[in-house]
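Participant:
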Amino acid sequence: MLVIKDLHIAIDGKEIIKGINLEVNAGEIHAIMGPNGSGKSTLASALAGREIFEITKGTVTFKGENLLEMSPEDRARKGLFLGFQYPVEIPGVSMVNFMKTAINEQRKFKGLEPLSASDFLKLMREKQELVGLHAKLTNRSVNEGFSGGEKKRNEIFQMAMLSPDLAILDETDSGLDIDALKVVANGVNKLRTKNNATIVITHYQRLLDYIVPDYVHVLYKGKIVKSSGKELALVLEEKGYDWIKDETE
Amino acid sequence: MENSQEQILSEVTGSEYKYGFTTDIETELIPAGLNEDIIRMISARKNEPEFMLEFRLKAYRHWKTMEMPRWAHLNIPPIDFQQIIYYAAPKSRPNPKSLDEVDPELLRTFEKLGIPLEEQKQLAGVAVDVVMDSVSVKTTFKETLAELGVIFCSMSEAIREHPDLVKKYLGSVVPYTDNFFASLNSAVFSDGSFCYIPKGVRCPMELSTYFRINAANTGQFERTLIVAEDDSYVSYLEGCTAPMRDEHQLHAAVVEIVALDNAEVKYSTVQNWYPGDKHGQGGIYNFVTKRGICKGDNSKISWTQVETGSAITWKYPSCILKGDNSVGEFYSVAVTNNFQQADTGTKMIHIGKNTRSTIISKGISAGYGQNSYRGLVKVTKNAAGVRNFTQCDSLLLGDKCGAHTFPYLEVENDTAIIEHEATTSKISEDQIFYCNQRGLDNETAVGLIVNGYAREVLNKLPMEFAVEAQKLLQISLEGSVG
Ligand SMILES: Nc1ncnc2c1ncn2[C@@H]1O[C@H](COP(=O)(O)OP(=O)(O)OP(=O)(O)O)[C@@H](O)[C@H]1O
Ligand SMILES: [Mg+2]
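Listed in order, the protein sequences are those of chains C and W.
To convert, note that position 75 of the first sequence is 79 in the working numbering; the numbers rise steadily by one, no gaps.
To convert, note that position 163 of the second sequence is 170 in the working numbering; the numbers rise steadily by one, no gaps.
#1: Report the start-end ranges of each beta strand (DSSP E) in the region 341–422 of chain W that is 3 residues or longer and not cut off at the edges.
#2: Would a C-beta distance cut-off of 8 Å place M99 (chain C) and R144 (chain C) closer than the cut-off?
#3: Would you say E175 (chain C) touches ligand 2, meaning its beta carbon is less than 7 Å from a heavy atom?
#4: Straight-line CA distance for T365 (chain W) to G392 (chain W)?
#5: Heavy atom of ligand 4 less than 7 Å from the Cβ of Q89 (chain C), yes or no?
#6: How close, in whole Å, do the beta carbons of N147 (chain C) and E93 (chain C) come, if the pair is a contact with beta carbons under 8 Å?
#7: Can you have a look at T430 (chain W) and say buried or exposed, based on whether 16 or more other CB atoms are within 10 angstroms of its CB?
#8: Would the beta-carbon of I45 (chain W) fall within 8 Å of that of T225 (chain W)?
#9: For the region 390–407 of chain W, which residues have a CB atom closer than 9 Å to at least one CB atom of chain C, in sequence order?
#10: If you measure between the beta carbons of E213 (chain W) and L232 (chain W), is that distance less than 8 Å?
#11: What residue from W:S239, W:S197 and W:R230 has the CA that sits closest to K206 (chain W)'s CA?
#12: Closer than 7 Å: is that where the CB of S49 (chain C) sits relative to any heavy atom of ligand 2?
#13: Under a Cβ-count criterion, where at least 16 other Cβ atoms within 10 Å of its own Cβ denotes burial, should A50 (chain C) be classed as buried or exposed?
#14: With distance defined between alpha-carbon atoms, name the residue in C:N108, C:G96 and C:L212 nearest to L116 (chain C).
#15: Look at the alpha carbon of D246 (chain C) and the alpha carbon of M5 (chain C), and state the distance between them as a whole number of angstroms.
#16: Skipping 5 residues on each side, what residues in its chain have a beta carbon closer than 7 Å to that of G179 (chain C)?
#17: Applying the 10 Å Cβ sphere with the 16-neighbour rule, what's the burial state of T63 (chain C)?
#18: Using the beta-carbon of each residue, which ones in chain W are nearer than 7 Å to T105 (chain C)?
#19: Do you know whose CA, among C:L212, C:K225, C:L185 and C:I15, lies nearest Y238 (chain C)'s CA?
#20: Which residues, in chain order, does the region 48–77 of chain C contribute to contact with chain W at a C-beta distance below 9 Å?
#21: What's the gap between the Cα of A165 (chain W) and the Cα of P56 (chain W)?
#22: Does the Cβ of S178 (chain C) lie closer than 7 Å to at least one heavy atom of ligand 2?
#23: If you draw a straight line from the C-alpha of L480 (chain W) to the C-alpha of F472 (chain W), how long is it?
#24: Given a threshold of 16 other Cβ atoms within 10 Å of its Cβ, counted over all protein chains shown, does P38 (chain W) qualify as buried or as exposed?
#25: Pull up the distance between the alpha-carbon of P282 (chain W) and that of P211 (chain W), whole angstroms please.
#26: Among W:F88, W:S483, W:A194 and W:L152, which residue has its Cα nearest to the Cα of K285 (chain W)?
#27: Please name the residue or residues paired with N54 (chain W) in a DSSP beta bridge.
#28: Confirm, please, whether the CB-CB distance from G303 (chain W) to L328 (chain W) is below 8 Å.
#29: Since V220 (chain C) sits in a beta bridge, which residues does DSSP pair it with?
#30: How would you list, in chain order, the residues of chain W whose beta-carbon sits under 9 Å from the beta-carbon of A80 (chain C)?
#31: What beta strand (DSSP E) runs, 3 residues minimum, are completely inside the region 182–253 of chain W?
#32: Compare the C-alpha of E336 (chain W) against each of W:A51, W:C301 and W:N293 and name the closest.
#33: Considering only C-alpha positions, which residue in the set W:A461, W:N443 and W:G454 is nearest to A80 (chain C)?
#34: If you run the structure through DSSP and keep just helix, strand and coil, what is E58 (chain C)?
#35: Could you spell out where the beta strand (DSSP E) holding E271 (chain W) opens and where it closes?
#36: Taking the alpha carbon of G40 (chain W) as the reference point, which residue from W:A318, W:A194 and W:P414 has its own alpha carbon closest?
Written as structure tokens, this is what we have:
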């Protein structure tokens, strides 16, 4: 699904990701953890195609194709989804209109007809239920006046609507209360198939109780310094990052 | 960061004007320049009664004493009024009885513009008066409307066929002394539309006029008059386009609306005159005076405008709220891209008791565009219980454009409740990237955001035209986001 080789990413000439290798296969869930400022969001945004992050070295293939050559919208249409750490508000643009446009752009890309109004509304209702997003929110403008938790839930809702092959969820659990966390995790699990993959970026072991990862990676100062099974998250929860810092320095 | 923002903006606001073609048709022109002989010539061409010639000459003599206004936030290059041709008419037969008499080249032109002249091909429920250069080419559904007593015809025809109505109302809202451009228009106006809705009639169709400038070096000076008798209702829409030409062309129109007791007039404009090219070459100078009077109690006049065209726009559709409980509304979206400039807004003059007005203005600036809102809310001494709400928003795309607001308030009655809100916002790169990540390209993203921003105003347009206006907004910003 996703193969990253020796990836270096810089912003304003300053290197932030300093050589990462990562392979994510269909059906897998990977967790990326790491202290603040270690470069997790940078990696996620660069994979989604944010231009300010300059790829200075390395390769990334997504479903066998060179990801780095694609525009951000083509990456999305091909099935890459980023759940934003800080979802942005778009005043005046209703969620319904936004999602309809997004779905139909994706369908156009795949050579499909636009979804009929009734099929679209059915899909909306179904996915709203799946992630427990209140219907009144989808009648509002994109993220406008949403609480922190509602914004995160809305990211998962959009993921459910677009059913991506690879979802990268950047701290989707931050700001969620425990019930919301369960609903969101439940949504991710229900959407899971053997054909799609998820990368969850998180600071908390708690989320990984609900979304059980196949691998946990620790990102530190722009490098993956440790990769292991799900038990690594427990160790991190207990001991923090200091022992890893000691090991690497 | 700045670079990619700039790039997005320039991609989205750089597209070509779709209506820039010219029609190759024989045109009857009079010599360029302006003097009393020219005015007599125009009046004679149109077989006008004496009172019209008098009106024109008075206006001309007054205009000669005036100077071009300079108070707007516009950079207006000098205009040589003696270089302009004041009358140009396609040489086919005037007042065609049927379509067979209309030049096929003209039919093709309007077909191309999406305005078929054959009634059966038209949008159901819309009657159209089509004006090319200085004359009305064709008015559709005239007979259907006549059965209800609704008069919808060209201004030239109204002057000949309904002189009493014209005499009574022409210049009653915008006198020929009103301002420089209104005086000029009063002297030389060529054609336009006339609508008269009799007492108690709810006009069953949208009435619409489509203006097209074709001939080079000519100005277009149209005149529209709408009279709504007691308890009547009409919704009227105007659209306009022009060929792409390197030189600027002048358009100075006057629109007058009279609403009597309980009458309601909805006036919508989709203004898409040629805006000039990316470097500010060419484009229409659009100097327009639009004013309505709510003369009767409980009457209502509502202006909705989507202004995307013209190199310069100078326009303040206004309401005189004279009747008690009358209502004035102004909903506006104005786009300035590349080197376009707009100074637009409204005046709400509250004279009657318990009169109310709403002003929603949405400016969008891109490229080097300059967009100003200028609005006056005036409450006279005897107008008790007045309410006004004004909301004035500006959206900036890029950092070379500008948005300005000039609100004026004159309140002489302290029972008035006046509210004013203003915001300025930008489309952020974060918003565009968020859309990109959901599969939207830059143009679609900007189109969606801009339409979302303008939604409140677009919703006020008649349904058939709202979709058209949405597309137009997106197209007129193409290339502005990179
Ligand atoms: N737009 C930007 N401009 C300049 N520096 C940036 C930008 N974005 C990120 N950085 C820097 O890159 C480094 C990595 O930031 P990043 O957001 O990727 O960290 P993170 O691992 O996601 O942290 P957190 O756990 O706090 O979300 C930080 O030092 C940050 O300041
Ligand atoms: Mg982060």
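Each residue gets a CB set at the ideal place from its N, CA and C atoms; glycine is no exception.
Facilitator: By the coordinates alone:
#1: Complete beta strand (DSSP E) runs here, min 3: 348–357, 363–373, 377–386, 394–404 and 409–418.
#2: Residue numbering aside, residue 99 (chain C) sits at position 95 when the first sequence is read from its first letter. Residue numbering aside, residue 144 (chain C) sits at position 140 when the first sequence is read from its first letter. In contact: M99 (chain C) and R144 (chain C) (Cβ atoms closer than 8 Å).
#3: In the first sequence, counting from the first residue as 1, residue 175 (chain C) sits at position 171. If you check the C-beta of E175 (chain C) against ligand 2, you find a heavy atom less than 7 Å away.
#4: On the second sequence, position 358 is the one that residue 365 (chain W) refers to. On the second sequence, position 385 is the one that residue 392 (chain W) refers to. Near 15 Å, if we compare the C-alpha coordinates of G392 (chain W) and T365 (chain W).
#5: Absent from the structure shown: ligand 4. Ligands present: ligand 1 and ligand 2.
#6: As a working note, residue 147 (chain C) is residue 143 in the first sequence. As a working note, residue 93 (chain C) is residue 89 in the first sequence. Contact flag correct, Cβ pair sits at about 4 Å.
#7: The residue you call residue 430 (chain W) lines up with position 423 of the second sequence. Exposed is the call here.
#8: Mapped onto the second sequence, residue 45 (chain W) falls at position 38. Mapped onto the second sequence, residue 225 (chain W) falls at position 218. No, these two residues do not count as a Cβ contact at 8 Å.
#9: Here the close residues number zero.
#10: On the second sequence, position 206 is the one that residue 213 (chain W) refers to. On the second sequence, position 225 is the one that residue 232 (chain W) refers to. Not closer than 8 Å, so no.
#11: On the second sequence, position 199 is the one that residue 206 (chain W) refers to. Of all alpha-carbon atoms in W:S239, W:S197 and W:R230, the one lying nearest the alpha-carbon of K206 (chain W) is that of W:S239.
#12: Sequence index remark: in the first sequence, residue 49 (chain C) carries index 45 (1-based). False, no ligand heavy atom lies under 7 Å from that Cβ.
#13: What you label residue 50 (chain C) is simply residue 46 of the first sequence in a count that begins at 1. Classified as buried, A50 (chain C) has 16 or more neighbouring CB atoms from the shown chains inside 10 Å of its CB.
#14: Here the question's residue 116 (chain C) lines up with position 112 in the first sequence. Closest in C-alpha terms to L116 (chain C), from the list C:N108, C:G96 and C:L212, comes C:N108.
#15: For this step, residue 246 (chain C) is matched to residue 242 along the first sequence. For this step, residue 5 (chain C) is matched to residue 1 along the first sequence. Roughly 33 Å between the two C-alpha positions.
#16: Locating residue 179 (chain C) in the first sequence gives position 175, where the first residue counts as 1. Closer than 7 Å at Cβ, skipping near neighbours: G152, G153 and K156.
#17: Sequence index remark: in the first sequence, residue 63 (chain C) carries index 59 (1-based). So T63 (chain C) ends up on the exposed side.
#18: To locate residue 105 (chain C), count along the first sequence from 1; it is residue 101. Within chain W, the residues whose beta carbon sits less than 7 Å from that of T105 (chain C) are L447, T451 and L455, listed in sequence order.
#19: Counting from 1 along the first sequence, the entry for residue 238 (chain C) is found at position 234. As written in the sequence, residue 238 (chain C) is Leu, which differs from the Tyr given in the question. Selected option, being the one with the closest Cα: C:L212.
#20: Listed in chain order, the positions of the region 48–77 of chain C with a beta carbon within less than 9 Å of a beta carbon of chain W are S49, A52, G53, R54, E55, I56, S75, P76 and E77.
#21: Taking the first residue of the second sequence as 1, we reach residue 165 (chain W) at position 158. Taking the first residue of the second sequence as 1, we reach residue 56 (chain W) at position 49. Distance between the alpha carbons of A165 (chain W) and P56 (chain W): 11 Å.
#22: Here residue 178 (chain C) refers to the residue found at position 174 when the first sequence is read from its first residue. Outside the cutoff, so no.
#23: Taking the first residue of the second sequence as position 1, residue 480 (chain W) is located at position 473. Taking the first residue of the second sequence as position 1, residue 472 (chain W) is located at position 465. A direct Cα-Cα distance of roughly 12 Å separates L480 (chain W) from F472 (chain W).
#24: Your numbering for residue 38 (chain W) matches position 31 in the second sequence. By the 10 Å Cβ count, P38 (chain W) comes out exposed.
#25: Numbered from its first residue, the second sequence carries residue 282 (chain W) at position 275. Numbered from its first residue, the second sequence carries residue 211 (chain W) at position 204. Taken atom to atom, the span from the alpha-carbon of P282 (chain W) to that of P211 (chain W) is near 34 Å.
#26: For the purposes of this step, residue 285 (chain W) is taken as the residue at position 278 of the second sequence. Closest option to K285 (chain W), Cα to Cα, is W:S483.
#27: Taking the second sequence and counting its residues from 1, the one referred to as residue 54 (chain W) is at position 47. None; N54 (chain W) has no bridge partner.
#28: Residue 328 (chain W) sits at position 321 when you count from the first residue of the second sequence. Residue 303 (chain W) sits at position 296 when you count from the first residue of the second sequence. Contact: no.
#29: Mapped onto the first sequence, residue 220 (chain C) falls at position 216. DSSP, once it has assigned bridges, lists C:A35 and C:S232 as partnering V220 (chain C).
#30: Along the first sequence, read from residue 1 onward, the residue named residue 80 (chain C) stands at position 76. Chain-ordered, the chain W residues with CB closer than 9 Å to the CB of A80 (chain C) read N443, Q444, R445, G446 and L447.
#31: Correct list: 200–204, 213–219, 230–235 and 240–248.
#32: For the purposes of this step, residue 336 (chain W) is taken as residue 329 along the second sequence, with counting starting at 1. Of the listed residues, the one whose Cα sits closest to E336 (chain W) is W:C301.
#33: As a first step, residue 80 (chain C) must be located in the first sequence, where it is residue number 76. Taking only the C-alpha atoms, the option nearest A80 (chain C) is W:N443.
#34: In the first sequence, the residue the question calls residue 58 (chain C) occupies position 54. Of the three classes helix, strand and coil, the one that applies to E58 (chain C) here is strand, per DSSP.
#35: The residue labelled residue 271 (chain W) in the question sits at position 264 within the second sequence. Boundaries of the beta strand (DSSP E) harbouring E271 (chain W): E271 to Q278, taken from the DSSP string.
#36: Counting from 1 along the second sequence, the entry for residue 40 (chain W) is found at position 33. The residue with the shortest Cα to Cα distance from G40 (chain W) is W:A194.
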